[in-house]
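Below is one structure, written out as structure tokens; comments come after it.
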Amino acid sequence: AGKIMCCEESMEYKCSATNIRCSGKMNCRICPGSSCMCSEDDNVEERFEPLRECADCGGLWHESCSMRLPTSIFICHKCIIEYSIFKIEIKHAYPLSKFMSEKLNKLCGKPVTRNTGIAVVNFTSRRTVDLVVDRPNHLKEEFRNKYGNFTNYTQRMIYVIQRKLRANCAFFDDMSQI
């Protein structure tokens, strides 16, 4: 059998973790501020990390921080909020949610409490869609006259969540558009 070498190596790098277990001796632990196995090194890279420019505000971000591929348009997390669809109803106490929660818990024989059983949550948002944009050019005018330019609809998401051991696990979801 080979000899475990990590506990006898020269250690130069300071460890900042509070309690890291070494894979060497049974009681070996690396204490806060003590040295560990990695050696200290200097950054000799001469190139700078590529920067990405936000398409909206023009702010610069490191490519790794932007979490985008170089070919995609980058919009920073501060500007992307403008493109988000805001929820207009987020109600756990919505009558449909309450009714479905009671029925599902009764079916499963579970008491309805805040921390156990099954919960149903509804999210509703109103949206508008352009009816003409994806039509062939020669049919756009006819389509516009017959159906109009836009239509409004409501999108509803229903999530069924089981609460177990202080963790919420979504086990069913349904999306409908009205």
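Per the numbering used here, residue 1 is the first one in the sequence shown, and the count goes up by one each step.
Even glycine gets a Cβ: it sits at the ideal position worked out from N, Cα and C.
Please read these numbers as outputs of a predicted model, since none were measured by experiment.
Between the segment 123-140 and the segment 150-163 there are three or more C-beta pairs closer than 8 Å, enough to call the two in contact. When the beta-carbon positions are compared, Gln177 and Ala119 stay at least 9 Å from each other. For Ser176, DSSP records a beta bridge to Arg156. Secondary structure of Leu60 (DSSP, three-state): strand. By alpha-carbon distance to Val129, the top candidate from Lys110, Gly109 and Asn152 is Asn152. As summarised for the segment 96-154, the continuous beta strand (DSSP E) elements at least 3 residues long and confined to that stretch are 117-130, given in chain order. Annotation for Arg52: the continuous beta strand (DSSP E) segment containing it runs Leu51 to Glu53. Annotation for Met175: Met157 place their beta carbon closer than 6 Å to its own, counting only its chain and skipping 5 residues before and after. The residue from Glu45, Cys76 and Leu131 with its alpha-carbon nearest to that of Glu53 is Cys76. Between Val160 and Phe150, the gap from beta carbon to beta carbon reaches 9 Å or more.
Counting other Cβ atoms within 10 Å of its Cβ, Ser72 stays below 16 and is therefore classed as exposed. A distance below 9 Å separates the beta carbons of Cys57 and Cys79. The alpha-carbon separation between Asp134 and Arg127 amounts to approximately 17 Å.
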